[in-house]
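Working notes for the structure below.
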Amino acid sequence: MRWSQYPVNTTKETPADAEVVSHQLMLRAGLIRKLAAGLYTWMPLGLRAMRKVENIVREEMDRAGALEVLMPGAIPAELWAESGRWDKFGPELLRFKDRHERDFCLGPTHEEVITDIARSDLKSYRQLPVNFYQIQMKFRDERRPRFGVMRAREFLMKDAYSFDITPEGMAKSYDAMYAAYTAIFTRLGLKFRSVVADTGAIGGSKSEEFHVLADSGEDAIAFSDGDDYAANLEMAVAMPPSTPRPAPGAAMAEVATPGAKTIEDVANLLKLPASQLVKTLLVDGAEGGVVALLVRGDHELNAVKAQKLPGVLSPLRMSSSDSITKATGAEPGSLGPVSFAGKVYADHSVVALADFVCGANRNGTHLTGVNWGRDLPEATAVDIRNAVAGDPSPTGKGTLGIARGIEVGHVFQLGQKYSESMGSTVLGENGKSAVTYMGCYGIGVTRVVAAAIEQNHDARGIIWPDAIAPFQVVVVPLNAVKSPRVRETADRLYNELRAAGYDVLLDDRDERPGVKFADSELIGIPHRVVVGDRGLEAGKLEYRHRRAEAAEEFPAGDALAFLRSRLGN
RNA sequence: CGGGGCAUGGCGCAGUCUGGUAGCGCAUCUGCUUUGGGAGCAGAGGGUCGCAGGUUCGAAUCCUGCUGCCCCGACCA
91 MRWSQYPVNT TKETPADAEV VSHQLMLRAG LIRKLAAGLY TWMPLGLRAM RKVENIVREE
151 MDRAGALEVL MPGAIPAELW AESGRWDKFG PELLRFKDRH ERDFCLGPTH EEVITDIARS
211 DLKSYRQLPV NFYQIQMKFR DERRPRFGVM RAREFLMKDA YSFDITPEGM AKSYDAMYAA
271 YTAIFTRLGL KFRSVVADTG AIGGSKSEEF HVLADSGEDA IAFSDGDDYA ANLEMAVAMP
331 PSTPRPAPGA AMAEVATPGA KTIEDVANLL KLPASQLVKT LLVDGAEGGV VALLVRGDHE
391 LNAVKAQKLP GVLSPLRMSS SDSITKATGA EPGSLGPVSF AGKVYADHSV VALADFVCGA
451 NRNGTHLTGV NWGRDLPEAT AVDIRNAVAG DPSPTGKGTL GIARGIEVGH VFQLGQKYSE
511 SMGSTVLGEN GKSAVTYMGC YGIGVTRVVA AAIEQNHDAR GIIWPDAIAP FQVVVVPLNA
571 VKSPRVRETA DRLYNELRAA GYDVLLDDRD ERPGVKFADS ELIGIPHRVV VGDRGLEAGK
631 LEYRHRRAEA AEEFPAGDAL AFLRSRLGN
């Protein structure tokens with residue numbers, strides 16, 4: 091492609107409303123253009139990168155034996171009523187009526203449609219297992235779209251759905267997808283990690299997420315340095331302390347703590363570490379009332395774990411200050427489990443404390459030297475905190491570290507949730523009808539592009555992994571207007587590289603060198619060849635990888651051979 | 001959904017408090033010079049100041065209503 095014929099609008103200034111670096115760079119490099127909140131046009135350069143991702147995903151899905159289909163974006167409401175999700179899904183589902191006043195929605199995901207296909211087209215166990223996938227625009231009316239295409243309302247997604255006759259078959263289909271995902275993200279050249287995930291509202295027995303590792307990631311993931319254990323922080327098991335609870339060493343005493351409402355305040359006032367304090371959080375109970383959740387002062391409550399406890403309202407809701415005062419007689423900041431009337435759940439690390447500090451359920455008052463069994467009944471010991479770096483791994487090998495990641499894929503074993511409610515059955519070997527077992531598997535294609543940039547950039551711009559780069563190599567002639575030799579050499583090299591099958595961009599614009607260098611670095615082309623009079627004088631061209639510290643010269647004579655060695659294939 | 005903020009040329013902003021007929025930088029176009037790290041000079045084009053009412057001799061500026069967008073939180077899987 092000749093740059094002079096290609097609409098690449100780069101800007102020096104960062105648009106004011108772009109927060110994360112991938113969003114800023116995508117706008118500055120002219121990859122995307124915003125149309126409305128969460129809606130973006132993919133410009134030619136950006137679309138090339140997106141297509142590279144899409145093609146790798148397609149190739150690996152095909153290789154894994156999945157079959158590509160394309161389902162409609164608009165879906166009739168009846169189908170969603172069948173699965174029960176028309177009522178349950180909430181305002182994320184964009185609903186509208188057609189000219190006949192019939193209800194439709196824009197598909198945020200396609201379980202219903204594919205299950206409808208399955209129940210009408212799959213009749214016999216002999217047709218299974220089968221895995222259908224599509225690569226298509228999804229629409230979710232996010233309350234707050236942000237971070238550019240990372241959390242947009244419309245986004246390109248690969249979604250796949252497997253059907254099996256047995257749970258074992260489903261597990262096998264799932265494993266095949268897991269392997270395909272590993273191959274995909276490896277080929278894309280991204281640093282990634284798969285983690286055990288919460289099955290959440292979708293339900294099902296097993297789920298793993300694939301995260302691209304990046305400091306700016308929205309999700310925290312915990313991983314062991316001793317083996318391959320890795321889990322979303324929501325799911326990461328926080329182990330009980332290995333040392334037993336010490337014997338009581340102090341008597342329980344009241345201490346005045348006026349105005350000290352946070353753990354930090356109280357710890358400073360009493361000159362104690364936060365780990366000796368107990369944080370008491372009141373949440374709404376499943377059948378009204380409140381439940382007390384205790385975590386150590388230096389720990390955080392894990393909402394996903396807590397809302398699974400018997401008697402706790404799901405989704406988790408912190409109690410209002412009214413019901414807190416009603417239940418304890420005190421306000422948040424002075425709450426504690428001693429003399430608390432309701433159900434108390436304590437994190438393992440809290441149960442292991444002796445002589446701890448907690449609120450006295452009287453404003454401005456705390457208790458010190460509190461001990462389980464003596465000053466209050468033993469509480470139910472549970473895991474309700476976020477794991478922290480340094481925790482022992484739940485597998486017993488190594489300790490946990492915390493990293494940040496961007497969720498780009500997930501795989502789910504759905505079981506019979508949709509096949510049951512929508513009647514996807516086939517005739518089994520025994521001639522009896524059997525409900526199919528489903529799996530579903532997603533990859534956010536557009537999000538992968540943004541995640542690749544989050545993970546691969548520097549102060550000058552994007553650094554595309556070779557597999558995603560819109561162009562593999564850029565040829566930069568300097569001052570070609572004045573030098574026919576430069577122009578001819580660059581043209582010849584451009585044609586040779588194209589003939590050899592590379593995606594080449596020729597910067598044939600009449601711009602000054604600084605502009606060309608800055609632009610090629612901003613748009614992140616991984617390989618660059620500079621053609622200048624200075625080098626040609628000595629029969630040399632100049633090569634530089636986008637990550638390299640410095641350029642290297644090579645003979646202009648057998649340029650193609652040299653570049654093959656640098657570009658690969 | 002709660003709180004806060006913004007809306008002036010393609011982009012980034014000033015002007016609004018104190019009303020007087022719109023300006024700067026980048027980008028774009030023309031010419032000359034320049035050419036190994038975002039050039040210089042000279043000139044040019046481009047804006048119903050988010051929309052609708054109102055006050056006034058006069059509104060980007062004051063008042064009312066609406067819309068869009070951004071940020072923080074909650075929510076969502």
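Each residue of the first sequence is one higher than the last, beginning at 91 in this note's numbering.
Ideal placement from N, C-alpha and C gives every residue a C-beta, glycine not left out.
*Figure out for me which residue from 631, 638 and 330 has the closest Cα to the Cα of residue 646.*
Position 556 of the first sequence holds residue 646. Residue 646 has its Cα closest to that of 631, out of 631, 638 and 330.
Tell me where the beta strand (DSSP E) around residue 60 begins and ends. An answer regarding residue 60 cannot be provided, because it is not within the stretch 91 to 659 covered by the chain.
Point to revise | Whole-angstrom distance between residue 585 and residue 567, CA atom to CA atom | key: Your numbering for residue 567 matches position 477 in the first sequence. Your numbering for residue 585 matches position 495 in the first sequence. Cα-Cα distance, rounded: 14 Å.
- In whole angstroms, what is the alpha-carbon distance linking residue 378 and residue 426? Working through the first sequence from its first residue, we reach residue 378 at position 288. Working through the first sequence from its first residue, we reach residue 426 at position 336. In a straight line, the C-alpha of residue 378 is about 20 Å away from that of residue 426.
message: Rounded to whole angstroms, what is the Cα-Cα separation between residue 468 and residue 432?
response: In the first sequence, the residue the question calls residue 468 occupies position 378. In the first sequence, the residue the question calls residue 432 occupies position 342. C-alpha separation (whole angstroms): 13 Å.
query: Nearest to residue 346 by alpha carbon, out of 456, 312 and 314?
result: Within the first sequence, residue 346 is the residue found at index 256, counting from 1. Checked all of 456, 312 and 314; the closest Cα to residue 346 is 456.
(request) Mind checking which residues open and close the alpha helix (DSSP H) that includes residue 176? (result) By 1-based counting over the first sequence, the position of residue 176 is 86. Taken as a continuous stretch (DSSP letters only), the alpha helix (DSSP H) holding residue 176 covers 175-178.
Problem set entry | Assigned exposure category for residue 407 - 16 Cβ within 10 Å defines buried | Position 317 of the first sequence, counted from the start, is the residue given in the question as residue 407. Exposed, because fewer than 16 other Cβ atoms sit within 10 Å of the Cβ of residue 407.
- Item | Residue range of the beta strand (DSSP E) that includes residue 255 | Along the first sequence, one-based indexing puts residue 255 at 165. From DSSP, residue 255 is part of no beta strand (DSSP E); its letter is neither H nor E.
**Request:** Below 8 Å on the Cβ atoms is my guess for residue 451 versus residue 429; work out the distance and round it to an integer in Å.
**Result:** On the first sequence, position 361 is the one that residue 451 refers to. On the first sequence, position 339 is the one that residue 429 refers to. Between residue 429 and residue 451 the Cβ distance is about 6 Å, and since that is below 8 Å, they are a contact.
With three or more beta-carbon pairs closer than 8 Å as the criterion, would you say the region 361-375 touches the region 436-449? yes
Who are residue 502's beta bridge partners in DSSP?
Sequence index remark: in the first sequence, residue 502 carries index 412 (1-based). According to DSSP, residue 502 bridges with 297 and 530.
Residue from 157, 276, 147 and 230 with nearest C-alpha to residue 185: Taking the first sequence and counting its residues from 1, the one referred to as residue 185 is at position 95. Among 157, 276, 147 and 230, the Cα nearest to that of residue 185 is on 230.
Check your understanding: Tell me which same chain residues have a C-beta within less than 8 Å of the C-beta of residue 113, skipping the five on either side of it?
Key -> Locating residue 113 in the first sequence gives position 23, counting from the first residue. Once the five neighbours on either side are set aside, the close Cβ partners of residue 113 are 237, 238, 239, 240 and 540.
- prompt: Would you call residue 503 buried or exposed, if buried means 16 or more other Cβ atoms sit within 10 Å of its Cβ?
  reply: To locate residue 503, count along the first sequence from 1; it is residue 413. Buried, by the Cβ-count rule.
Counterpart residues of residue 369 in DSSP-defined beta bridges
In the first sequence, residue 369 corresponds to position 279, counting from 1. Note: residue 369 sits in a beta bridge opposite 385.
- Message: Rounded to the nearest angstrom, what separates residue 215 and residue 197 at their Cα positions?
- Response: Along the first sequence, read from residue 1 onward, the residue named residue 215 stands at position 125. Along the first sequence, read from residue 1 onward, the residue named residue 197 stands at position 107. Taking the straight line from one Cα to the other gives about 29 Å.
- Same chain, Cβ closer than 7 Å to residue 465, five either side skipped, listed in chain order: As a working mapping, residue 465 is identified with position 375 in the first sequence. Closer than 7 Å at the Cβ level, and outside the excluded window around residue 465, lie 342 and 428.
Put residue 281 into one of helix, strand or coil per three-state DSSP. Against the first sequence, residue 281 aligns to sequence position 191. Looking at residue 281 - three-state DSSP - the assignment turns out to be coil, as it is neither helix nor strand.
**Prompt:** DSSP three-state call for residue 487: helix, strand or coil?
**Reply:** In the first sequence, counting from the first residue as 1, residue 487 sits at position 397. Three-state DSSP puts residue 487 in coil, outside helix and strand.
Item checked: Closest Cα partner of residue 277 within the set 610, 151 and 413 -> To locate residue 277, count along the first sequence from 1; it is residue 187. For residue 277, the nearest C-alpha among the options comes from 151.
Quick check: residue 473 and residue 437, are their CB atoms within less than 8 Å of each other? Mapped onto the first sequence, residue 473 falls at position 383. Mapped onto the first sequence, residue 437 falls at position 347. For residue 473 and residue 437, yes; Cβs fall inside 8 Å.
Do the CB positions of residue 302 and residue 323 come within less than 8 Å of each other?
Stepping through the first sequence from its first residue, residue 302 is reached at position 212. Stepping through the first sequence from its first residue, residue 323 is reached at position 233. No, the pair does not count as a contact, with Cβ atoms beyond the cut-off.
* Can you round the beta-carbon distance between residue 496 and residue 479 to whole angstroms, since I take them to be within the 8 Å contact cut? -> Mapped onto the first sequence, residue 496 falls at position 406. Mapped onto the first sequence, residue 479 falls at position 389. Actually they are not in contact, since the Cβ atoms of residue 496 and residue 479 sit about 20 Å apart, beyond 8 Å.
Checklist entry - Between residue 636 and residue 553, which are expected to be in contact by the criterion C-beta below 8 Å, what is the C-beta distance as a whole number of angstroms? => result Taking the first sequence and counting its residues from 1, the one referred to as residue 636 is at position 546. Taking the first sequence and counting its residues from 1, the one referred to as residue 553 is at position 463. Contact holds; Cβ gap of about 5 Å.
(request) Below 7 Å CB to CB, which residues in the same chain sit around residue 181 once its five sequence neighbours on both sides are set aside? (result) Walking along the first sequence from the start, residue 181 turns up at place 91. Only 231 meet the Cβ criterion.
| query | In whole angstroms, what is the alpha-carbon distance linking residue 597 and residue 96? | reply | By 1-based counting over the first sequence, the position of residue 597 is 507. By 1-based counting over the first sequence, the position of residue 96 is 6. Straight-line Cα distance between these residues: approximately 10 Å.
Q.
I need the straight-line Cα distance from residue 363 to residue 357, nearest angstrom please.
A. Position 273 of the first sequence, counted from the first residue, corresponds to residue 363. Position 267 of the first sequence, counted from the first residue, corresponds to residue 357. Those two C-alpha atoms are separated by around 6 Å.
- Message: Tell me the rounded alpha-carbon separation between residue 273 and residue 385.
- Response: Taking the first residue of the first sequence as 1, we reach residue 273 at position 183. Taking the first residue of the first sequence as 1, we reach residue 385 at position 295. When rounded, the distance between both Cα atoms is 40 Å.
Query raised in the report: Any idea which residues DSSP pairs residue 312 with across the strands?
Result: Here residue 312 refers to the residue found at position 222 when the first sequence is read from its first residue. Looking at the DSSP assignment, residue 312 forms a beta bridge with 321 and 492.
Q.
Between which residues of its own chain and residue 285 is the CB-CB distance below 7 Å, once the five residues before and five after are set aside?
A. Working through the first sequence from its first residue, we reach residue 285 at position 195. Closer than 7 Å at the Cβ level, and outside the excluded window around residue 285, lie 298, 299, 301, 311, 320, 321 and 322.
- Helix, strand or coil for residue 561 per DSSP? In the first sequence, counting from the first residue as 1, residue 561 sits at position 471. Coil.
Check this for me: beta carbons of residue 326 and residue 475, under 8 Å apart or not?
Looking up residue 326 in the first sequence gives position 236. Looking up residue 475 in the first sequence gives position 385. Result no, Cβ atoms of residue 326 and residue 475 do not sit closer than 8 Å.
Alpha carbons only, please: which of 580, 255 and 147 is nearest the one belonging to residue 55? Residue 55 cannot be examined here, being either before or after the span of the chain that is shown, 91 to 659.
message = Closest to residue 234 by C-alpha separation, out of 271, 126 and 204, would be which residue?
response = As a working mapping, residue 234 is identified with position 144 in the first sequence. Per the Cα distances, 126.
Open item on the list: Please report the distance separating the alpha-carbon of residue 275 from that of residue 282.
Closed with: Start at 1 with the first residue of the first sequence, and residue 275 comes out as number 185. Start at 1 with the first residue of the first sequence, and residue 282 comes out as number 192. Whole-angstrom Cα-Cα distance: 7 Å.
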